[in-house]
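A.B. asks:
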Amino acid sequence: MSPLYSVIHRDFTLAMRQKADIFQPLTFFVLVITLFPIGVGPAPETLQKIGPGVIWVAAILSALLGMERLFRDDFNDGVLEQMQLSNLSLSWIMFAKVMTHWLLTIVPLILISPLLALFLNLTMPMYWALLATLLLGTPILSLLGSIAVALTVGLQKGGILLSLIIIPVFIPLLIFATSAVDTALFGLNYLPQLAIIAAMLCIAMALTPMAMSYAIKVSHQ
Amino acid sequence: MAFDSFADFIAMGGYGFFVWLSYGVSFLSIVLYIVYVKRQKRQLTQHVVAQQAREARIAAAKQSQEK
Amino acid sequence: MFVWLHPYAKTERAYALCNTLMPYFLSAAVLGLSVGLVWGMLFAPSDYQQGDSFRIIYIHVPSAILSMGTYVAMAIAGLVGLVWQWKTAYMSMIAMAPVGALVCFISLFTGAAWGKPMWGTWWIWDARLTSQLILLFLYFGVMALYYAFSDRQQAGKAAAIIALIGVINIPIIHYSVEWWNTLHQGSTITKIGKPSIAPSMKWPLLVSIAGFMGLIGTLTLMQLKNVIIERELHRPWVKQLLSQQETK
Amino acid sequence: MDVLIAQSLTCVKQDRVLFSDLDIILRAGELVHLTGPNGAGKTSLLRILAGLAQPETGLVHTNSADTYDVPLLYLGHKLAQNKHLSAIENLTYWSALHRVNPSVESLYHILAQYQLVGLEDLPTGQLSAGQQRRVSLARTELVQAPLWILDEPYTSLDVTGVSFIQTRVDEYVSRGGCVIMTSHQALSSSHLVRELVLEYQI
């Protein structure tokens with residue numbers, strides 16, 4: 172069995188045995204979005220205007236919520252130590268773990284997004300734009316967020332600290348993603364925004380695995 | 181000199197409140213920060229002095245025991 | 099190349115260096131700020147559009163520019179710490195963080211106080227103010243992470259990583275916020291201090307920027323001395339130094 | 027043959043110097059017992075030797091000959107097994123990380139040696155502390171390593187368990203392996219035990 176495959180296989184098995192870890196962020200995501208029509212009123216135009224922003228903010232929050240446990244169990248029971256000592260590069264293991272986590276916790280959010288688009292009265296072109304930004308943008312959330320997770324994994328009060336240190340970094344992503352959806356509302360070309368998000372994704376993919384493995388080593392000091 | 185009188189200078193062409201508020205708050209926050217740093221330093225010093233006093237007491241207690 | 103710096107990786111030497119450098123920074127701060135601010139407040143002509151309210155520029159712009167500059171300097175210190183494993187680099191990094199946050203706060207406050215007469219409201223999601231606010235959060239993040247660790251060496255490394263991520267993001271944040279701002283508000287709002295500035299206004303500004311640099315240097319050195327003492331509390335030289343100061 | 031050379035190690039934790047200028051050379055066929063009071067830095071030293079932690083100063087050099095799978099095997103306080111996965115799953119995963127692929131039959135066989143018959147496919151969370159420790163120690167059978175670093179391997183093992191592990195260690199040392207371990211009990215080994223004492227420093 173190839174080592175990386177076994178990392179992915181193990182995380183899938185574990186997730187299947189603890190389904191709450193998948194469903195809790197998902198439920199949270201839907202709940203937060205349900206709060207907005209109740210909070211700001213059900214006028215369709217208002218909802219359409221705030222819709223993209225609301226969905227993206229909720230996605231960021233629930234991604235952070237789900238990510239907090241990404242390395243915690245492995246840290247506490249010592250599996251991370253053994254990963255560090257294995258003859259596999261720690262960056263690759265981390266990258267595989269984060270991508271598996273993305274598949275398991277974020278992809279369900281993307282799958283449920285048609286429903287939310289309906290809730291928030293998004294038009295069809297807006298929905299396609301939203302889908303594209305979510306597909307390209309949420310891996311960035313996972314990759315960057317996991318650096319912060321790796322740094323705070325050894326701390327008792329990691330949860331809020333994690334959000335505090337990483338949310339400011341997500342702001343450019345939020346700007347480009349929501350503006351792509353807004354542009355789609357007017358039937359304009361939103362490829363530039365998507366291209367920028369894709370560029371950010373490429374940079375994140377290139378740099379974060381290294382930073383993650385260094386962060387894990389710092390946490391293990 | 182851009183102002184004719186001291187009152188003019190204070191009034192800042194009608195914007196006096198905002199200008200002096202900015203300058204005042206900036207100055208105040210810098211001063212407060214310096215006070216904070218000085219206090220931090222004093223606390224550290226007191227910590228060290230207390231520690232040394234403690235060590236001296238332990239040494240004295242040991243000596244009187246030996247006698 | 100950096101061999102001559104190596105002795106300062108020792109904390110005692112670094113502390114002595116702080117004391118040596120302090121007077122220079124302090125005099126730069128006092129001289130620069132008093133000349134720059136008096137010049138700006140008293141002698142610079144008033145703006146034909148904004149009247150005398152533009153005089154806030156002499157604190158707002160230096161603090162805005164230098165709060166970003168301080169963040170970059172902080173990240174460089176963090177990088178030096180990560181690469182060469184210097185304790186003192188982490189110490190100077192974390193000494194810069196509260197000073198940078200303070201300067202960032204000043205720029206935000208003066209921005210708001212300038213905005214009130216200009217825009218009629220204290221807060222507006224202007225591009226510069228927004229990115230300044232995000233910068234303040236980045237500072238808070240670095241400090242929060244640093245002080246969450248009980249082992250200072252670990253804390254330094256972790257905070258350095260976050261500072262580096264932040265510094266890579268600062269330009270992205272800056273330009274994306276600027277773009278976002280034009281997208282949502284068009285050009286209805288005049289950006290403060292943006293168009294070319296008359297030399298009679300510019301020179302005092304440059305002098306007060308230099309003064310602010312001195313001020314930031316002074317405050318950082320003061321904080322750094324405390325950070326060094328706190329880290330090395332158990333070392334004999336610190337004990338001796340502090341008990342001497344106490345008896346004085 | 028030197029398996030591991032450590033030069034002038036200094037470790038500082040929470041601004042307390044645990045040890046300074048420590049030189050250690052571990053040779054093949056040697057059993058080293060690391061002792062010292064609580065808080066002397068035994069675990070920190072083992073983690074530094076394993077390469078999990080960086081010393082304040084000093085260097086650790088491991089001699090990784092090509093005939094081995096890994097330069098060293100480290101079993102720490104933490105058992106490194108997920109409690110939702112079975113012993114077999116945990117060991118398979120761990121082996122894959124170290125690029126060895128034992129067959130499932132061989133894993134059953136090894137676990138039987140460690141008196142874990144019938145517990146192989148239960149989630150390890152349902153096993154007792156001693157049984158979990160045995161699963162963790164069964165890793166020593168899976169990879170070829172010139173050095174074992176064992177941190178309190180006897181914790182929560184019963185008497186038979188302790189003597190079984192001791193025979194395993196003895197066999198390994200006779201085959202030319204090197205073991206450095208901590209334990210609160212004296213080691214009753216057929217080999218000469220080198221004692222390495224860490225003093226508690228204030």
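Protein chains in written order, with the working numbering: chain A, 172 to 392; chain B, 181 to 247; chain C, 99 to 346; chain D, 27 to 228.
The beta-carbon is built from N, C-alpha and C at its ideal position, and this holds for glycine as well.
1. Is the shortest distance between the beta-carbon of B:V215 and the beta-carbons of chain C less than 8 Å?
2. Just the chain D side, please: which residues come within less than 9 Å of A:H391 by C-beta, in chain order?
3. B:K242 CB to nearest chain C CB: under 8 Å?
4. Would D:K104 pass as an interface residue toward chain A - the criterion being a Cβ-Cβ separation below 8 Å?
5. So, is C:F100 buried or exposed, given that buried needs 16 or more other C-beta atoms within 10 angstroms?
6. State the Cα-Cα distance for the pair C:L243 and A:T323, rounded to the nearest angstrom.
7. Within a Cβ cutoff of 6 Å, which residues of the same chain sit near D:A79, ignoring the five residues on either side of it in sequence?
8. Check whether the Cβ of C:S285 lies closer than 8 Å to any Cβ atom in chain A.
9. Over what stretch of residues does the beta strand (DSSP E) that includes D:T181 continue unbroken?
10. Using the Cβ count rule (16 or more neighbours within 10 Å means buried), how would you classify C:G284?
11. My understanding is that C:V170 touches C:I314, with C-beta atoms under 8 Å, so please give their C-beta distance in whole angstroms.
12. In the DSSP assignment, what residue or residues form a beta bridge with D:W174?
13. Would you identify the three-state DSSP class for D:P149, choosing helix, strand or coil?
14. Less than 7 Å between C-beta atoms, sequence neighbours within five positions excluded: which residues of the same chain meet that for D:D47?
15. Could you have a look at C:T286 and say whether DSSP puts it in helix, strand or coil?
16. Contact between the segment 184 to 191 of chain B and the segment 333 to 342 of chain A: three or more CB pairs below 8 Å?
17. Taking the C-alpha atoms as reference points, what is the distance between C:V336 and C:R329?
18. With C-beta atoms as the reference, is C:I192 less than 8 Å away from C:A257?
19. Considering only the alpha carbon of each residue, which of A:H391, A:K388, A:S390, A:S384 lies closest to A:K268?
20. Taking 8 Å as the threshold (beta carbon to beta carbon), is C:V265 in contact with chain A?
21. Within the same chain, show all residues whose beta-carbon is closer than 7 Å to that of B:Q223, passing over the 5 residues directly before and after it, in chain order.
22. Taking DSSP's pairing of strands, which residues face A:C373 in a bridge?
23. So what's D:H135 in DSSP terms, helix, strand or just coil?
24. Rounded to whole angstroms, what's the CA-CA distance from A:I331 to C:L115? Just pull it up for me.
25. Is the CB-CB distance between B:S202 and C:A162 below 8 Å?
26. Report buried or exposed for D:S154, applying the criterion of at least 16 other Cβ atoms within 10 angstroms of its Cβ.
27. Applying the criterion that 16 or more other CB atoms from any shown protein chain within 10 Å of the CB defines a buried residue, is D:V199 buried or exposed?
28. Could you pull out every residue in the same chain whose Cβ sits closer than 6 Å to the Cβ of C:I287, ignoring the five residues on either side in sequence?
29. For the segment 326 to 350 of chain A, list every residue whose C-beta sits within 7 Å of some C-beta in chain C, in sequence order.
30. What residues of chain C sit near B:Q220, judged by a beta carbon separation below 7 Å?
31. Applying the criterion that 16 or more other CB atoms from any shown protein chain within 10 Å of the CB defines a buried residue, is C:Q312 buried or exposed?
32. Can you list, in chain order, the residues of the segment 220 to 246 of chain A whose Cβ is nearer than 8 Å to any Cβ on chain D?
33. Is it buried or exposed, C:H158, if we count other Cβ atoms within 10 angstroms and call 16 or more buried?
34. Going by C-alpha distance, which of D:I51, D:P81, D:L71, D:T208 is nearest D:N89?
35. For D:H124, which residues in chain A fall below 7 Å Cβ to Cβ?
36. Can you tell me whether B:R237 sits near the ligand ATP, meaning its C-beta is under 7 Å from at least one heavy atom of the ligand?
C.D. replies: According to the data block:
1. Taking the first residue of the second sequence as position 1, residue 215 of chain B is located at position 35. B:V215 is outside the set of residues whose beta carbon lies under 8 Å from a beta carbon in chain C.
2. Sequence index remark: in the first sequence, residue 391 of chain A carries index 220 (1-based). Residues of chain D passing the Cβ test: R73, L78, A79.
3. Walking along the second sequence from the start, residue 242 of chain B turns up at place 62. Judged by the 8 Å Cβ criterion, B:K242 is not in contact with chain C.
4. The sequence position of residue 104 of chain D within the fourth sequence is 78, counting from 1. Closer than 8 Å: yes.
5. Along the third sequence, one-based indexing puts residue 100 of chain C at 2. Residue placement at C:F100 is poorly supported in this model, since its pLDDT is 46, which falls under 50; the coordinates are not used for a value here.
6. By one-based count along the third sequence, residue 243 of chain C stands at place 145. By one-based count along the first sequence, residue 323 of chain A stands at place 152. When rounded, the distance between both Cα atoms is 8 Å.
7. Within the fourth sequence, the letter at position 53 stands for residue 79 of chain D. Counting only residues of its own chain and dropping the five nearest sequence neighbours on each side, D:A79 has a CB closer than 6 Å to the CB of R73.
8. As a first step, residue 285 of chain C must be located in the third sequence, where it is residue number 187. Here the model assigns C:S285 a pLDDT of 40, short of 50, so the residue's position is not dependable and the matter cannot be decided.
9. Your numbering for residue 181 of chain D matches position 155 in the fourth sequence. Note, D:T181: premise wrong, no beta strand (DSSP E); not H, not E.
10. For the purposes of this step, residue 284 of chain C is taken as residue 186 along the third sequence, with counting starting at 1. Note on C:G284: pLDDT 43, under 50, position unreliable in the model; the coordinate value appears next. Exposed, since its Cβ has fewer than 16 Cβ neighbours within 10 Å.
11. Here the question's residue 170 of chain C lines up with position 72 in the third sequence. Here the question's residue 314 of chain C lines up with position 216 in the third sequence. That pair is no contact at about 12 Å.
12. As a position in the fourth sequence, residue 174 of chain D is number 148, starting the count at 1. D:L99, D:V205.
13. Residue mapping note: residue 149 of chain D aligns to position 123 of the fourth sequence, counting from 1. Strand, per DSSP.
14. Sequence index remark: in the fourth sequence, residue 47 of chain D carries index 21 (1-based). Excluding sequence neighbours, D:D47 sits near S34, T36.
15. As a position in the third sequence, residue 286 of chain C is number 188, starting the count at 1. A caution first: C:T286 carries a pLDDT of 41, below 50, which makes its placement in the model too unreliable to give a value.
16. no
17. Numbered from its first residue, the third sequence carries residue 336 of chain C at position 238. Numbered from its first residue, the third sequence carries residue 329 of chain C at position 231. Their Cα atoms are separated by approximately 10 Å.
18. By one-based count along the third sequence, residue 192 of chain C stands at place 94. By one-based count along the third sequence, residue 257 of chain C stands at place 159. Cβ atoms of C:I192 and C:A257: closer than 8 Å.
19. Here residue 268 of chain A refers to the residue found at position 97 when the first sequence is read from its first residue. Among A:H391, A:K388, A:S390, A:S384, the Cα nearest to that of A:K268 belongs to A:S384.
20. Counted from its first residue, the third sequence places residue 265 of chain C at position 167. Cβ-Cβ to chain A under 8 Å: no for C:V265.
21. Numbered from its first residue, the second sequence carries residue 223 of chain B at position 43. Correct list: empty, nothing qualifies.
22. Reading the first sequence from its first residue, position 202 is the one you call residue 373 of chain A. DSSP, once it has assigned bridges, lists no residue as partnering A:C373.
23. Your numbering for residue 135 of chain D matches position 109 in the fourth sequence. Note: D:H135 maps to helix in three-state DSSP.
24. Translated into the one-based positions of the first sequence, residue 331 of chain A becomes position 160. Translated into the one-based positions of the third sequence, residue 115 of chain C becomes position 17. In a straight line, the C-alpha of A:I331 is about 38 Å away from that of C:L115.
25. Counting from one through the second sequence, the residue named residue 202 of chain B turns up at place 22. Counting from one through the third sequence, the residue named residue 162 of chain C turns up at place 64. Cβ atoms of B:S202 and C:A162: not closer than 8 Å.
26. Position 128 of the fourth sequence, counted from the first residue, corresponds to residue 154 of chain D. The residue is exposed, with fewer than 16 neighbouring Cβ atoms inside 10 Å.
27. Working through the fourth sequence from its first residue, we reach residue 199 of chain D at position 173. The residue in question, D:V199, is buried, as its Cβ has 16 or more Cβ neighbours within 10 Å.
28. The residue labelled residue 287 of chain C in the question sits at position 189 within the third sequence. Here C:I287 scores only 42 on pLDDT, less than 50, and its place in the model should not be relied on; the value that follows carries that caveat. Excluding positions up to five away in sequence, the list is empty.
29. L326, K328, L332, L335, I336, P339, V340, I342, P343, I346, F347, S350
30. The residue labelled residue 220 of chain B in the question sits at position 40 within the second sequence. Residues of chain C passing the Cβ test: N324.
31. Start at 1 with the first residue of the third sequence, and residue 312 of chain C comes out as number 214. Note on identity: in this sequence residue 312 of chain C is Gly, with Gln being the wrong assignment. C:G312 should be labelled buried.
32. Within the segment 220 to 246 of chain A, the qualifying residues are D244, D245.
33. Looking up residue 158 of chain C in the third sequence gives position 60. With a threshold of 16 other beta carbon atoms within 10 Å, C:H158 meets it and is buried.
34. By one-based count along the fourth sequence, residue 89 of chain D stands at place 63. Comparing alpha-carbon positions, the option among D:I51, D:P81, D:L71, D:T208 lying closest to D:N89 turns out to be D:I51.
35. As a working note, residue 124 of chain D is residue 98 in the fourth sequence. Near D:H124 (Cβ distances below 7 Å), the residues of chain A are S257, N258.
36. Of ligands this structure carries none, so the ligand ATP is not represented either.
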